Structures are given as C-alpha cells and as structure tokens.
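Count along the sequence shown starting at 1, add 1203, and that's the number in my numbering.
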Amino acid sequence: MYILAIDTASSICSVAIGTEDGVTVEKNIDKGLTHSELLIPIIDEVISSSNINKKDINLIIVAKGPGSFTGLRIGVTVANTFGELLNVPVIGITTLDGLAIEIGSYQGAICPIIDAKGRKIYTALYKNTNKLNRISDYELMDIDDFEIFIRNSMNEKIIFIGDGITSYREYINERFHDIEYEFADNNNNFQKAGNLIKYVLENKELLETKDIFVNPFYIKKSQAEK
C-alpha cells in the first residue's frame, strides 16, 4: 500500500509518501502561504522520488485543521480531487493530532499549541497509554485562559510542542514556573505530512475508511466556551 499525505495547514507546505512500514519520502518547504503554487509540484516530486506513479497510490491523508483557512482549503481540495480521480479513500487528520504524534512516546502529558493569531491558540492535551490518546477537547482559546486550562486538566509533567511555543514561550515560563514542563526541540515544532502517516498507522482502524471526501475542520471560539 502506498500512502500520499498532505499538510498545508501552516506556512509550511509538506508532502510525504509512505507504506505500511512508515514514511519513505517527505518534503517540507517554508515559503510562506504560497501553497497554491507549491503543492502540486511537490506532490509530483515526492511521487517521482518514491519510484511510483500516481495510480499506485492507495490512500490519501490530509491535515484537515485547525490552521490557516487558505492553506487548509488548498490542501483539502487537492486531497479530495486526487481521491476522486484515483478512486481511493481520503482520511482527514487534525493538525493537533499530527503534532502530538511527533512526540507520542513521551511519558507525561503532551500539549500541542498552534498560534491562531490575535493572542489565540489552538490546543489539546494527550497522553501515551500504550498509544497516543487525546484527553481533552480540541480547543480555541485566548492565551490568557491557557493557564487555567492546563492547571485544571493535568497534574503531571508536560511537554509543549508547536509553533505556538515561539510566540508564547515567555508566557509559559512565567505562568508555569511551579510545574514540571519542557519544550519540544525546534525541529519538532512544525507540522509535517509524515506525522499524518504515523498517526494513521498507529490507529489502524482509520484504514477501514471508505470516504473519498474530507471537510476542513475549523474550531469555533464558541466550542471552547461551552
């Protein structure tokens, strides 16, 4: 089985090819939000590098959000189009799940943070109990509410990952000085298409999907306030 994965939810345009054994080729380009120009050429490049043809692809995985509205629309539209043309299933994975799986073996709480601009973040909490499990809702919140969210949700060491670390590292250092925490390495903080493959292979029930259409996943502020 050959898997094509696409992540255009951030400024990075990321495409990967994988099999049941894991990721074989991945390409990540950060040129700002120019995904409409970059995505198809990168797909062609990683397919060629894998020595396969488009018709060999059996499954498509796409980052469905949350993230850049424009980037998500581009990635999801291309994934759906390829799925229809190739008559193969399309699986949508949230960007927060994709970030968390990057460090899914961490023994403690895992907290991806995506900068949603305007002092807002997308976040969730995860824990490894034989496999990665989400232990909170997906949230969109003001950064000023983040401390309460963390303190009410966990009582163990925690690792933060994602581009939100760049924006809010100082905030975290100030607010959580009494908590055991750490930051993921910088090279783990950007969203990668290969992580989508890793997530699906760890959750093999997703391979049973027959869907050939994915909708973008937008978290509304009202969801976080419920």
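No residue lacks a Cβ here, since even glycine has one placed at the ideal position from N, Cα and C.
The structure displayed is predicted, hence computed values, not measured ones.
- Task: Would you mind sorting His1238 into buried or exposed? The rule is 16 or more other CB atoms within 10 Å of its CB.
- Result: Counting the other CB atoms within 10 Å of its CB gives His1238 a total of 16 or more, which places it among the buried residues.
- Message: For a quick check, are the C-beta atoms of Tyr1329 and Phe1363 less than 9 Å apart?
- Response: Tyr1329 places its beta carbon 9 Å or farther from that of Phe1363.
- Message: What does DSSP give as the partner residue(s) for Ile1317 in the beta ladder?
- Response: Partner(s): Tyr1325.
- Can you check whether the CB of Thr1298 is closer than 9 Å to the CB of Lys1267? For Lys1267 and Thr1298, yes; Cβs fall inside 9 Å.
- With burial defined as no fewer than 16 other Cβ atoms inside 10 Å of the residue's Cβ, what is the status of Ser1213: buried or exposed? It counts as buried.
- Message: Tell me the rounded alpha-carbon separation between Gly1221 and Val1265.
- Response: Between the alpha carbons of Gly1221 and Val1265 lies a distance of about 13 Å.
- Query: When the Cα of Asp1430 is compared with those of Arg1322, Tyr1341, Gly1295 and Asp1388, which residue comes out closest?
  - Reply: Residue 1430 lies beyond the stretch modelled for the chain, which goes from 1204 to 1429, so this question has no answer here.
- Message: If I measure Cβ to Cβ from Glu1405 and keep anything under 8 Å in the same chain, skipping five residues before and after, which residues do I get?
- Response: Only Ile1304, Gly1307, Lys1334 and Leu1335 meet the Cβ criterion.
- Message: Beta-carbon within less than 6 Å of Phe1416's beta-carbon, same chain only, minus the 5 sequence neighbours each way: which residues are those?
- Response: Residues Asn1283 of the same chain have their beta carbon placed closer than 6 Å to that of Phe1416, with the five preceding and five following residues left out of the count.
- Item | Spatial distance of Gly1286 from Asp1210 (CA atoms) | Rounded to the nearest whole angstrom, the CA to CA distance from Gly1286 to Asp1210 is 15 Å.
- Query: With distances taken from CA atoms, which of Ala1219, Asp1224 and Glu1223 is nearest Ile1232?
  - Reply: The alpha carbon of Ile1232 has as its nearest neighbour, out of Ala1219, Asp1224 and Glu1223, the alpha carbon of Ala1219.
- Item | Extent of the continuous beta strand (DSSP E) run through Lys1334 | Annotation for Lys1334: the continuous beta strand (DSSP E) segment containing it runs Lys1334 to Arg1337.
- Message: Per the DSSP calculation, Asn1231 is bridged to which residue(s)?
- Response: Asn1231 has Ser1217 as its beta-bridge partners, per DSSP.
- Message: If the criterion is Cβ atoms closer than 9 Å, does the pair Ser1217 and Gly1397 meet it?
- Response: Yes; because the gap between Cβ atoms is below 9 Å, this pair is in contact.
- Start-to-end residues for the beta strand (DSSP E) that takes in Lys1267: Ile1260 to Gly1268 is the extent of the beta strand (DSSP E) around Lys1267.
- Contacts around Val1293, its chain only, beta-carbon distance under 7 Å, and the 5 residues preceding and following it disregarded: These residues qualify, in order along the chain: Ile1263, Val1265, Ala1282, Asn1283, Gly1286, Asp1414, Ile1415, Phe1416 and Val1417.
- Message: Taking the alpha carbon of Asn1391 as the reference point, which residue from Glu1411, Phe1379, Thr1273 and Cys1314 has its own alpha carbon closest?
- Response: Nearest C-alpha to Asn1391: Cys1314.
- Query: If you count every other CB in all the chains shown that lies within 10 Å of the CB of Pro1269, and 16 or more means buried, which is it?
  - Reply: Buried: at least 16 other Cβ atoms inside 10 Å.
- Message: Tell me which residues share the same chain as Ile1338 and place their Cβ nearer than 6 Å to its Cβ, disregarding the 5 neighbours each side in the sequence.
- Response: When the five nearest sequence neighbours on each side are left out, the beta carbons in the same chain lying within less than 6 Å of the beta carbon of Ile1338 are those of Leu1328 and Lys1330, in order along the chain.
- Item | Distance CB(Lys1320)-CB(Leu1343) smaller than 9 Å | At least 9 Å separates the beta-carbon of Lys1320 from that of Leu1343.
- Task: Return the chain-ordered list of same chain residues with a C-beta closer than 8 Å to the C-beta of Lys1423, the five sequence neighbours on each side being excluded.
- Result: Counting only Cβ-Cβ distances below 8 Å, and skipping sequence neighbours, we find Leu1343.
- Message: For Ile1375 and Ile1206, what's the separation of their Cα atoms in angstroms?
- Response: Between the alpha carbons of Ile1375 and Ile1206 lies a gap of roughly 37 Å.
- Message: I'd like to confirm the pairing. Which residues does DSSP put opposite Met1344 in its beta bridges?
- Response: Answer by DSSP bridge pairing, in chain order: Ile1324.
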